[in-house]
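Position 121 (the sequence shown) corresponds to 121 in full-length UniProt numbering; numbering is contiguous.
The C-beta atom is built at its ideal place from N, Cα and C for all residues, glycine as well.
Shown next, in structure tokens, is the structure this report addresses.
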Amino acid sequence: MTGSKIGFVQTDRAAHEDWARLTLQNPAAAALMHVFASNLDGNESITASYKTLADYMGRSVMTVRRAVKVLEEERWIEVCNVGGSVNSYNINARAAWSEKRENLRFAKFHSTILASSGDQKAELLSDKASLRRIPSVYADEQQLPSGEGLPPISQPALTGMELDLPARKLRTPKARKIQA
1 MTGSKIGFVQ
11 TDRAAHEDWA
21 RLTLQNPAAA
31 ALMHVFASNL
41 DGNESITASY
51 KTLADYMGRS
61 VMTVRRAVKV
71 LEEERWIEVC
81 NVGGSVNSYN
91 INARAAWSEK
101 RENLRFAKFH
111 STILASSGDQ
121 KAELLSDKAS
131 LRRIPSVYAD
141 EQQLPSGEGL
151 PPISQPALTG
161 MELDLPARKL
171 RTPKARKIQA
């Protein structure tokens, strides 16, 4: 499950000592914190169902619920309910992080999603046609129409107001540095 591009997770000494105490007081909560930390992907948040976390840890859903409660009460994580038994767990960036320390002051809450096959509908797991591809255009690229396209619309576009082609706007690493 750890397909992270970032190959490290850091803890400061005080957090590491607190984590050791947590291991003695509540091994399941400490183990769950290790699951969260090992799946950080530069965004310091994990989203998963209780069942997925239970499957991942080889423990019961109730054990995971109790562990989450301990981690929340001890301020290791913040829990945001996404729906049903799925939560987003925001990791305390002072305890474990996977980015440069100076980037921690910029809070972004993107999340790494953990999902197990047991939580999915059977038709989602079956072989079926792939999703439509949305073209991507980088900041230094320009769109060029190709292919037959759709039939003409009933009303022509006004001069200078031609429709743009649909595409996702992606920034190149160079463009990201300029904007930062």
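In this structure, Thr47 and Val82 form a Cβ contact; the two beta carbons are roughly 6 angstroms apart against a cut-off of 8 angstroms. When DSSP states are grouped into helix, strand and coil, Glu148 belongs to the coil group. In the three-state scheme derived from DSSP, where H, G and I count as helix and E and B as strand, Gln25 is classed as helix.
The segment 12–22 makes no contact with the segment 47–61, as fewer than three CB pairs between them are under 8 angstroms. Bounds of the alpha helix (DSSP H) holding Ala67 are 61–73.
For the pair Ile77 and Ile91, the CB atoms are nearer than the 8 angstroms cut-off. Within its own chain, the residues whose Cβ lies closer than 7 angstroms to the Cβ of Val70, once the five positions on either side in sequence are excluded, are Asn26, Ala29, listed in chain order.
By the 16-neighbour rule on beta-carbons within 10 angstroms, Glu73 is exposed.
Here the alpha carbons of Lys51 and Val61 stand approximately 6 angstroms from one another. Leaving aside the five residues that flank Ser88 on each side, the residues in its chain whose CB is nearer than 7 angstroms to its CB run, in chain order, Ser45, Thr47, Cys80, Val82, Ser111.
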